[in-house]
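Chemist: Chains as they are written, first to last, in our numbering: chain A, 1 to 326; chain B, 327 to 836.
(1) For chain A, is any of its Cβ atoms less than 7 angstroms away from the one on residue 753(B)?
(2) Could you name the residues that DSSP lists as bridge partners for residue 190(A)?
(3) According to DSSP, is residue 117(A) part of a helix, a strand, or is it coil?
(4) Please tell me whether residue 459(B) and residue 358(B) are closer than 7 angstroms, where the distance is taken between their beta carbons.
(5) Under the DSSP definition of a beta bridge, which residues are partnered with residue 593(B)?
(6) Measure the CB-CB distance between residue 809(B) and residue 535(B) and report whether it falls below 7 angstroms.
(7) Could you give the residue range of the alpha helix (DSSP H) that holds residue 289(A)?
(8) Ignoring anything shorter than 3 residues or poking outside the region 620-702 of chain B, list the beta strand (DSSP E) runs there in chain order.
(9) Measure the alpha-carbon distance for residue 306(A) versus residue 148(A) and round it to whole angstroms.
(10) Please confirm whether residue 528(B) has its beta-carbon closer than 7 angstroms to some beta-carbon of chain A.
(11) When you compare the CB of residue 141(A) with every CB in chain B, is at least one pair closer than 7 angstroms?
(12) Identify every residue that forms a DSSP beta bridge with residue 712(B).
(13) If contacts are defined as beta-carbon pairs under 8 angstroms, then residue 716(B) and residue 693(B) qualify, I think. What distance do you get, rounded to the angstrom?
(14) So the candidates are 217(A), 259(A) and 167(A); which of them puts its Cα closest to the Cα of residue 64(A)?
(15) I believe residue 333(A) touches residue 53(A) by the beta-carbon criterion, under 8 angstroms. Please report the beta-carbon distance rounded to the nearest angstrom.
(16) Go through its chain and collect everything with a Cβ distance to residue 593(B)'s Cβ below 7 angstroms, but skip five positions before and after it.
(17) Is the region 159-173 of chain A close to the region 78-98 of chain A, with three or more CB pairs under 8 angstroms?
(18) So, are the CB atoms of residue 518(B) and residue 525(B) less than 7 angstroms apart?
(19) Of the choices 585(B), 622(B), 765(B) and 830(B), whose alpha-carbon is the least far from that of residue 680(B)?
(20) Could you confirm whether any beta carbon from chain B is found closer than 7 angstroms to the beta carbon of residue 323(A)?
(21) What's the C-alpha gap between residue 827(B) and residue 707(B)?
(22) By the 10 Å Cβ neighbour count, where 16 or more other Cβ atoms means buried, how is residue 836(B) classified, buried or exposed?
(23) Between residue 612(B) and residue 605(B), what straight-line distance do the alpha-carbon atoms span, to the nearest angstrom?
(24) If you check the beta carbons only, do residue 407(B) and residue 474(B) fall under 7 angstroms apart?
(25) For residue 146(A), return the contacting residues in chain B, with the cut-off set at a CB-CB distance below 9 angstroms.
(26) Return yes when the Cβ of residue 116(A) is within less than 7 angstroms of the Cβ of residue 159(A), no when it is not.
(27) Would a check of beta-carbon distances place residue 224(A) closer than 7 angstroms to chain B?
(28) What does the Cβ neighbour count give for residue 416(B), buried or exposed, with the cut at 16 atoms within 10 Å?
(29) Whose C-alpha, out of 321(A), 83(A) and 169(A), is nearest the C-alpha of residue 255(A)?
(30) Residue 201(A) and residue 220(A): beta carbons closer than 7 angstroms?
(31) Name the chain B residues whose beta carbon is nearer than 7 angstroms to that of residue 237(A)?
(32) Out of 151(A), 171(A), 43(A) and 248(A), which one is the CA nearest neighbour of residue 112(A)?
(33) What residues in the region 755-774 of chain B bring their beta carbon closer than 9 angstroms to a beta carbon of chain A?
(34) Along the region 696-711 of chain B, what residues have a CB closer than 8 angstroms to any CB found in chain A?
(35) Starting from residue 278(A) and walking both ways along the alpha helix (DSSP H), at which residues does that stretch end?
(36) What residues of chain A sit near residue 827(B), judged by a beta carbon separation below 9 angstroms?
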C-alpha cells in the first residue's frame, strides 16, 4: 500500500474541493471494499484519499419518484420499505450484493462507481490495456468470466449490480463537480472501452456521483434475477433486470438490461420489442430471452455465459410478471 | 516442531540444540508444513543478518504462489466388465505434474478389484510451482477417476451403482469395511429412491444421488511424553507434538485425565515446542495414532508411580490400587481422594517419561460417502444438498473432535468438487486467481447438510482420521451430478461451463 494523504470531507463542497482533475491522483473513499483492494494490489496508487461517507445519505420519496443519496448504504436501501415496494428490481439486486458485511458498509454510489473485477486488471503482474498496457490479456487468455457483448478492445464486465435495475427503471444520476452540477441519464452514464478505456463512466476525476433519481414507478412491474456460481459471496455470472409497463395483462412497453455480460450494463431493445404487446408466459419470456442474447459474441471460454444470461433474462421476465421461477 | 527444528539447523548450519521451534497451534498442516520451507528459512536468514527478531507472514497471493500445490492428475482408461457386473480389466495411461522435478503419483485403480490391470504413469515436469502435500495426497485424484469410471461401467451393464460396487469390493476385513458401510450409507440417504442416470422430472432442477468409498492408513509411532503429578493434585502432560486444528491438545488432555481418573481441568497440556520430548510431524493423519498411545502409557506410568507412594497409606500393595472418579481406591473398598493421595507426595512430585508402545494403535481405515445434489440445467450450477458419511477410525478417542474432522474433510471435498481451481494464464503461466475472490471456496450458504455415522472399532486402537473424509466427497458429488443430469463430467471442478457444455453436446438444456 502506497502512503497517501487523507481528507475527511464534512460535506459535498469539501469533498469536491479535495478532488483533482488528473486521473488517479485523488480517489474518493466510501465503503472502501473496492478502493482498498485496488490500493493493496497497487492498481490504484492515489496521493490523496477523500472520505465521502458524509455525502447525502438520505432517501426521499414523493409523487415524482425517489431521490437516493450516494452515501446511503445498501442495507439502508434494502430496509427502506417504500423503496422496496416501488422498486423491487432494485432491492432484489441490492440483496444479492457481496455479503452482509459488504452490504452494511457499501454504498449506493460506491456500488455504481466500483472498478471492474477482471483478474488481469486487478493483478499487478499484468500490464493490461486498461492500465495503459499494450493488450487485453483476456482475448487469448482466461476469459471464462469476461464479456460476451461490447466488442472490446477491453473485455471487462461491469461489476455494478445496482446499475442494471437503475437503467431498467430509467434512473438519472446527479453529478457534481467544481464547475457545477448536472444530471445524466443512467443509460448514458456508462461508457464502452472503445470510448473510454481508462474509466467506465462519464464521471470526470474531479466530479462525484451524489444522487440517484428514480422516476415514479406507478404502473411498473420489475424484477431482477441474478445467477451466481456460489451462494455465499460471489459475483454474478450473469444478471438481468426487467421493468415492464402493463396495459391490462399485456405488456405496453418493457426495459431489459443485463449485468455481468458487457463492459457496461447491457440494454437490449430486441428483447424489449419481443415483450411489447404480449401477455407474459414461459414461451414469450423464452423468446425475449433468446432475442436478448442473439447478438452475443462470446470469447474462447465463455460461450456458456450466453446460456446463463439467457436464463437470467427469462427468469427476470417471469418474476416481473409474478410467475414462479426457480 | 522437531522436523522443522532440523530443517532450520541444516539450512542455517547451526547445531540443532541452538534451534527452538514453537508452534502452539497451526492452521492447514497435513504434511504441507513438515519443514521450515523456503519462506521460513528466508525469515531466519534475515533475522540472523539483522540481529533482530523477524516476523514473516505470507499474504493470500504469496500463499498461492509460493507454498505448493496438489499435483494434477490425468488419465486415459480402458476398462472391462462382464455382463454379470464383474470387473475384468483395467488398462490406464496416466499423467500428472508435481511441478519442476517432483512426482505426481496417485493410487489407481482405487479400492475396487480389477483382476487384470496395467498402468503406465508419467510425471510431467513443468515450471509451474512445486507439488505439496494437500489433504490425503493422491487419494482424491485416484478416487475421483475410479469412482466416475465405476458409475459409467455400472450403467453399461445396467446395475445399480451400490450393488455394482458390492460385487467388486475386496474381501471384508477390519481395515476394509466397505461391504458393510455401503448399505448403511444407502439407508441414511434413502438410496432406494434413486432414479437411473438422468432425472426424468420436468423443469430445470434435476436431482441426483452419488456414492464413493475411501481408504487411508493413519498409523503412527514414535511419540515420547513427560508427565508430572504435583503434591497439589495438578498434573502436567508434555510432548513435542503440535495441534494443527485437529484437536490434538484436547485428546492429550482427555487421555491423561481418563487414565488418572481425574477431571480434565486438573491437567495442563504442554505441546508445540521442540524442547519437549520428541514427536513426529503432523502429516498422513499419523498424529492421533502416534500421540495417544504415548500419552496413555506415560500417564499410566505416572499413576503407577503415585500408587507406589500412597499404597502404604491405604494399607495395600500398589497393584491392588486403581483410580475412580477422582479417588484412589484399594481392593476392598478403602479409598482416599486424588488430592489427599497427591498430598502424600510431600515435596517430591512424580516426574516420569514414557513413549509410544505397540498394541494401542493400528493402521487402515475405510469409509463410504453419498451425496445428494440439485443441478440447474439452465445455468449449469450445482447445489450439494446433502452428504452422508460412514467412517471408521479404530478406537474413537473423542467423538466430538472426530466428527468435526469429518465435517472439515467433507467441506474440503465440496470445494474440490465444485470450486477450487488454480487457474494459470495460458500465455504467461501467471496465476490469475491468487486471491479469495476467484479462487473459490464454499461459504456457509454453499454447504450441504452433513450426516456422519462414526463406526467405533475399540479393539483396534487409535487410527488417524484427518484425511480420509476429504477423499471421497468430490467423487460422490460428481456421480450425483451425473445421476441428476445424465451427462458425465470427467473433470473437476464441476463448473457451470463444463456442465452446460456437456448438456449441449448431449442435445440441449431443455
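Using N, Cα and C, we set each Cβ at its ideal position, and we do this for glycine too.
Modeler: This is what the structure gives:
(1) yes
(2) 201(A)
(3) DSSP, read as helix, strand or coil, puts residue 117(A) in coil.
(4) yes
(5) 561(B)
(6) yes
(7) 282-293
(8) 647-650, 653-656, 661-663, 676-681 and 691-702
(9) Residue 306(A) and residue 148(A) have their alpha carbons spaced roughly 7 angstroms apart.
(10) no
(11) yes
(12) 698(B) and 775(B)
(13) 6 angstroms
(14) 217(A)
(15) This structure cannot settle anything about residue 333(A), because the visible part of chain A is limited to 1 through 326.
(16) Setting aside the 5 residues that flank it on each side, residue 593(B) is surrounded in the same chain by 561, 563, 579, 582 and 583, each with a C-beta closer than 7 angstroms to its C-beta; the list follows chain order.
(17) yes
(18) no
(19) For the residues 585(B), 622(B), 765(B) and 830(B), the minimum Cα distance to residue 680(B) belongs to 622(B).
(20) no
(21) 12 angstroms
(22) Confidence at residue 836(B) is low in this model, with a pLDDT of 44, below 50, so the placement of that residue should be treated as unreliable; the coordinate-derived value is given next. By the neighbour-count rule (16 or more Cβ atoms within 10 Å), residue 836(B) is not buried but exposed.
(23) When rounded, the separation of the alpha-carbon atoms in residue 612(B) and residue 605(B) is 11 angstroms.
(24) Result no, Cβ atoms of residue 407(B) and residue 474(B) do not sit closer than 7 angstroms.
(25) For the C-beta of residue 146(A), not a single chain B residue is nearer than 9 angstroms; the gap to the nearest is close to 11 angstroms.
(26) yes
(27) No, residue 224(A) lies away from the interface with chain B (no Cβ there is under 7 angstroms from its Cβ).
(28) Counting Cβ neighbours within 10 Å, residue 416(B) comes out buried, since at least 16 surround it.
(29) 169(A)
(30) no
(31) 822
(32) With distances taken between Cα atoms, residue 112(A) lies closest to 171(A).
(33) 756, 757, 758, 759, 760, 761, 762, 763, 764, 766, 767, 768, 769, 770, 771, 772 and 773
(34) 702, 704, 705, 706, 707 and 709
(35) Taken as a continuous stretch (DSSP letters only), residue 278(A) belongs to no alpha helix (DSSP H), as it is neither H nor E.
(36) 303 and 304
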